[in-house]
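The C-terminal position of the sequence shown is numbered 253 in the numbering used here, with every residue numbered one higher than the one before it.
Report on one structure; see the data block that follows.
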Amino acid sequence: MKNLLLLFIVLPSFLLGQSILEADVESIRVVAKLSESELITYLSDKNQNLRIAAANRISKLLSSSDNVVAKGNIEEHPLQYWKSKSIISFDKKYEPLKDGRIGINYVTKDQFLKEFGLSEEDISKSTFKHVGFAQLDHMYKVRYRCVADKVDLISLISSPEYYVVMPDKGFKGEWYNFYINGQVYSKSNFVNGMKTGVEIFSSFDKLMYQLYYKEGICNKVEFYNPNGDIIKILYESLSESEILKVCNTKFVY
1 MKNLLLLFIV LPSFLLGQSI LEADVESIRV VAKLSESELI TYLSDKNQNL
51 RIAAANRISK LLSSSDNVVA KGNIEEHPLQ YWKSKSIISF DKKYEPLKDG
101 RIGINYVTKD QFLKEFGLSE EDISKSTFKH VGFAQLDHMY KVRYRCVADK
151 VDLISLISSP EYYVVMPDKG FKGEWYNFYI NGQVYSKSNF VNGMKTGVEI
201 FSSFDKLMYQ LYYKEGICNK VEFYNPNGDI IKILYESLSE SEILKVCNTK
251 FVY
């Protein structure tokens, strides 16, 4: 029987009542001397012990400030790097815009793409009232409003990337996925390779939404605000691909 060493991942408050995450000694040994970029790779590994061990080490690096801010690492740029990319201040106060018009505090689309290193595809999927988001690096997104060739820079958002790995066919038990900062992104339960019971998704230790499964089919979705209050409930029979589309388009923190 393999010896197990407890890894105390920083769990969202709503997961604290769950069983303690564990990784075997071999997985801990494997990740012990990995570089930051290698640790990130292991967050996508099919071996859950390796994912947990990598997430734990990443959490320790960040909490002790032993990480190195550099391209390809966990933190690629400081926040000020992105703030300094445009001559337009993100902190400038202005009246709410109407009818999607941009009259102040804007840059041209070309300037926006060039300064933030984005492509046309990165800004093509805008949401309500021309507002969109673009991932800048592992940790930050920019929120903007785009109409025609004008872009209004709204804010920079701390938004760590996350990695989703699915278990092998027939898997039974709890399954975790992680953000790049080592925090838990999702917790799922599987029986015979199908999701069952409640699947939980978190953001910055806050509950985002819960999905209720029966034999691999989601029949209920609960959306939460940052205070932990339910703000919307959907009752539908949704497949895995359909539920991802619903959550990605209908949930905004």
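Even glycine gets a Cβ: it sits at the ideal position worked out from N, Cα and C.
No experiment lies behind these values; they were computed from the predicted model shown.
- Per DSSP, TYR185 forms a beta bridge with which residues? Answer is none; TYR185 lacks a bridge partner.
- Task: Report the rounded CA-to-CA distance for GLY193 versus PRO167, giving the unit in angstroms.
- Result: The C-alpha of PRO167 is placed about 7 Å away from the C-alpha of GLY193.
- Message: Relative to the C-alpha of SER186, which candidate in ILE28, LYS169, LYS206 and PHE171 has its C-alpha closest?
- Response: When each option's Cα is compared against that of SER186, the closest is LYS206.
- Item | Spatial distance of PHE201 from GLN210 (CA atoms) | It is roughly 6 Å from the alpha-carbon of PHE201 to the alpha-carbon of GLN210.
- Item | Top-ranked residue by Cα proximity to SER35, from ALA134, ASN67, LEU136 and TYR212 | From the listed residues ALA134, ASN67, LEU136 and TYR212, the smallest Cα separation to SER35 is found for ASN67.
- Query: Okay, do the stretch 20-34 and the stretch 136-150 touch, 3+ Cβ pairs below 8 Å being the bar?
  - Reply: No contact exists between the stretch 20-34 and the stretch 136-150.
- Message: If I measure Cβ to Cβ from LEU113 and keep anything under 6 Å in the same chain, skipping five residues before and after, which residues do I get?
- Response: Taken in chain order, the list of residues that qualify is empty.
- GLY170: which of PRO78, TYR212 and GLY216 sits nearest, CA to CA? Nearest option by C-alpha distance: GLY216.
- Item | Residue closest to VAL151, alpha-carbon to alpha-carbon, out of ASN47, VAL69 and GLY132 | That would be GLY132, whose Cα lies nearest to the Cα of VAL151.
- Among ALA54, ARG143, GLY228 and SER237, which residue has its Cα nearest to the Cα of ASP122? Comparing Cα-Cα distances from ASP122 to each of ALA54, ARG143, GLY228 and SER237, the minimum goes to ARG143.
- Message: Going by C-alpha to C-alpha distance, which of LYS33, LEU21, GLU22 and ILE52 sits closest to VAL165?
- Response: Comparing Cα positions, the closest option is ILE52.
- Message: DSSP has LEU268 in a bridge; who is on the other side?
- Response: The chain is shown only over 1 to 253; residue 268 falls outside these bounds and no answer can be derived.
- In its own chain, which residues sit with a C-beta less than 7 Å from the C-beta of LYS141, not counting the 5 before and 5 after it? Listed in chain order, the non-local C-beta contacts of LYS141 below 7 Å within the same chain comprise PHE133, ALA134, GLN135, ILE157 and SER159, local neighbours out to five positions each way being set aside.
- Item | Short Cβ contact (8 Å threshold) for ILE231 with ASN225 | Yes, Cβ-Cβ distance for ILE231 and ASN225 is below 8 Å.
- Task: Would you please verify whether the beta carbon of GLU222 is less than 8 Å from any beta carbon of chain D?
- Result: No chain D is present in this structure, which holds just one protein chain.
- Query: Between ASN227, PHE204, LYS195 and LYS172, which lies nearest to CYS218 when the distance is taken from Cα to Cα?
  - Reply: Of the listed residues, the one whose Cα sits closest to CYS218 is LYS195.
- LYS60: which of VAL221, GLY182 and ALA23 sits nearest, CA to CA? Taking only the C-alpha atoms, the option nearest LYS60 is GLY182.
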